[in-house]
Amino acid sequence: MASDLLERVRKPAYTGENRCLPCTIANAGLVALAVGVLLLASVPLIATVVATVGLATIWLRGYVVPYTPQFAPRLAAMIPGTAFKQSPDGTVDAGLGDRATESAQPSGDAVVEALLEAAVVVPERERAADRHDDDTHNPTETDAEPGLTLEPAFRDEWRQEMKSLRERDIEELAAVADDLTSPSVDVRVGSGLGRSAETLVIARSGTISLRREIAIAELAAARALESRIDDPAIRLAAGRPLRSLLAACPLCDRAVTISQSSCCGEVTPVGETPPETLFCPDCNVRLFRYE
C-alpha cells in the first residue's frame with residue numbers, strides 16, 4: 085500500500101539521474117525560507133512539518149512548487165556565472181566526431197556523401213516502392229531526416245551494436261571510445277550531478293561531454309560502420325547525423341518519438357518555440373535536436 089502510494093507521488097522525469105539541479109536548489113531554498121519564517125514566528129512544530137514534507141516532496145517529485153521546471157531554469161540563467169547554465173557539452177548538440185580525431189572534422193556534405201556511397205542511408209524514393217513489405221519501418225526514420233532513410237541491413241547491425249554496448253558500464257564505454265579514437269585524444273569518465281552523472285569526456289583541443297545514451301548510439305554507429313567506411317574520421321563524425329534517424333532508444337530499445345517540449349534545465353527565449361527533439365518517453369532522454 086505504502087509503496088503504491090509512493091509510486092503514484094514519485095515523478096521519475098524529475099528525480100534520480102533526471103534531477104534538475106536548478107529546480108532542486110530553487111525549491112530547497114523556498115522550503116528553507118518558509119521554515120525560517122515559521123521559526124521566527126515561534127512555531128517550531130509547524131516548521132518541522134513543513135521542512136519534512138517539503139524535503140520529502142523534493143526527493144520524490146523533484147520539486148514542491150508547481151511549474152518549477154518552467155521557471156527555475158530561466159531564473160538560474162539570470163544568475164551571473166556559469167554554474168547552472170547549460171552548455172553545448174553534454175547535450176544532444178555534441179557528437180563523438182567533434183574532438184575524436186587528429187584530422188580536421190569532415191564537412192556535413194562529405195559525411196552524407198560517404199554514407200550514401202556505402203549504402204548506409206538511401207534516398208527515400210528508392211524504398212517507397214517496397215515500404216508496404218517492410219513491417220519494421222518506423223515513420224520516425226524518414227520524418228527526422230527528409231529524403232533519407234537507414235538501409236535495413238545497417239539499421240539492424242547498428243541496433244545490435246547498441247544492444248551490446250548498453251550492457252556495459254560507463255568505464256567500459258570509455259574503453260570502447262578510447263579504441264575508436266585517435267591516440268592523442270583523451271577519453272575519460274565524467275562526474276557530476278543529475279543528468280550529467282554518467283558522461284564520457286572527450287578531450288583534444290577542447291572538451292565535450294557525451295551522456296550515456298548519446299555515447300552508446302554514436303559508439304555503436306562507429307563500430308557498425310567499420311566494415312563499410314574506411315575513413316575513421318567519417319565513421320566518428322557520422323554518429324551525430326545518424327542519431328537523427330534512430331527509431332529505437334539506445335538505452336531501452338523502445339520506440340522514440342518527436343517532441344517539442346523544453347527540457348528541464350534548458351531555457352527557451354520568450355516568444356520562441358522549443359526546437360523539435362527526438363525523445364524517448366520511457367527513459368526521458370533526448371537523442372537529437374532538429375535545427
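Going by this note's numbering, 96 is the number at position 12 of the sequence shown; the sequence numbering is gapless.
Where a beta carbon is used, it is the ideal one built from N, C-alpha and C, also for glycine.
Please read these numbers as outputs of a predicted model, since none were measured by experiment.
Proximity to Asp270 [Cα-Cα], best of Glu197, Leu180 and Ala131
For the residues Glu197, Leu180 and Ala131, the minimum Cα distance to Asp270 belongs to Leu180.
Which same chain residues end up closer than 7 Å to Pro267 when comparing Cβ atoms and leaving out the 5 residues on each side of it in sequence?
Taken in chain order, the list of residues that qualify is empty.
Can you tell me where the alpha helix (DSSP H) holding Pro236 begins and where it ends?
Counting along the chain, the alpha helix (DSSP H) containing Pro236 begins and ends at Pro236 to Leu249.
Using the Cβ count rule (16 or more neighbours within 10 Å means buried), how would you classify Glu241?
Burial of Glu241 is indicated by the presence of at least 16 other C-beta atoms within 10 angstroms of its C-beta.
Determine, using beta carbons only, whether Leu284 and Val273 come nearer to each other than 8 Å.
Val273 sits close to Leu284, with the two beta carbons spaced by under 8 Å.
Span separating the alpha-carbon of Ile109 from that of Val121:
Cα-Cα distance, rounded: 18 Å.
Return the chain-ordered list of same chain residues with a C-beta closer than 6 Å to the C-beta of Asp262, the five sequence neighbours on each side being excluded.
Contacts found: Val271.
Quick one: Cα of Leu117 to Cα of Pro316, how far?
In a straight line, the C-alpha of Leu117 is about 55 Å away from that of Pro316.
Suppose only complete runs of 4+ residues qualify. What are the alpha helix (DSSP H) ranges in the segment 284-326, listed by chain order?
List check, alpha helix (DSSP H) in window: 296-309 and 316-321.
Are Ala438 and Leu294 close, meaning C-beta to C-beta below 8 Å?
Here the chain has residues from 85 to 375 only, and residue 438 is not among them.
Three-state secondary structure (DSSP) of Val206:
Here Val206 sits in strand by DSSP.
Tell me, to the nearest whole angstrom, how far the beta carbon of Arg296 is from that of Ile254; I am working on the premise that it is less than 8 Å.
The pair is a contact, with the Cβ atoms about 6 Å apart (cut-off 8 Å).
Whole angstroms is fine: what's the gap from Trp143's alpha carbon to Val133's?
The straight-line gap from Cα to Cα measures roughly 15 Å.
Sorted by chain position, which residues of the same chain lie with C-beta nearer than 7 Å to Val207's C-beta, five sequence neighbours on each side aside?
First, the residue type needs correcting, since residue 207 is Pro and not Val in the sequence shown. Cβ-Cβ distances below 7 Å link Pro207 to Gly231 and Leu232 in the same chain, with the five nearest sequence neighbours on each side left out; the list follows chain order.
Own chain residues within Cβ distance below 7 Å of Val195, not counting five before or after
So the list reads Ile318, Ala321, Ala322 and Pro325, once near-sequence residues are dropped.
Go through its chain and collect everything with a Cβ distance to Pro334's Cβ below 6 Å, but skip five positions before and after it.
Answer for Pro334: Met246, Glu297, Ile300 and Ala301, listed in chain order.
Where Cys107 falls: helix, strand or coil (DSSP):
DSSP places Cys107 in helix when its eight states are reduced to three.
Given this structure, state the Cα-to-Cα distance separating Arg94 from Val119, to the nearest angstrom.
Each residue's Cα considered, the two are about 23 Å apart.
Limits of the unbroken alpha helix (DSSP H) element including Arg145
Per DSSP, Arg145 is one residue of the alpha helix (DSSP H) stretching across Pro128 to Arg145.
With Val369 as the anchor, note down where its alpha helix (DSSP H) starts and where it stops.
Here Val369 belongs to no alpha helix (DSSP H); instead the beta strand (DSSP E) covers Val369 to Arg373.
Ends of the alpha helix (DSSP H) at Asp263?
Ile254 to Leu264 is the extent of the alpha helix (DSSP H) around Asp263.
Helix, strand or coil at Gly179 [DSSP, three-state]
If DSSP states are grouped into helix, strand and coil, Gly179 belongs with coil.
Which of helix, strand or coil DSSP assigns to Ala112
Three-state result, Ala112: helix.
Express the C-alpha separation of Asp314 and Phe422 in angstroms, rounding to a whole number.
Residue 422 is absent from the model: the chain starts at 85 and stops at 375.
What residue from Cys107, Gly290 and Leu303 has the CA that sits closest to Glu256's CA?
Taking Glu256 as reference, the option from Cys107, Gly290 and Leu303 with the minimal CA-CA separation is Leu303.
Taking the alpha-carbon positions, what's the Glu235 to Glu310 distance?
Glu310 has its alpha-carbon roughly 16 Å from the corresponding atom of Glu235.
Just reading off the alpha helix (DSSP H) that Val271 is part of, what are its end residues?
Element bounds for Val271: not the alpha helix (DSSP H) but the beta strand (DSSP E), Asp270 to Gly274.
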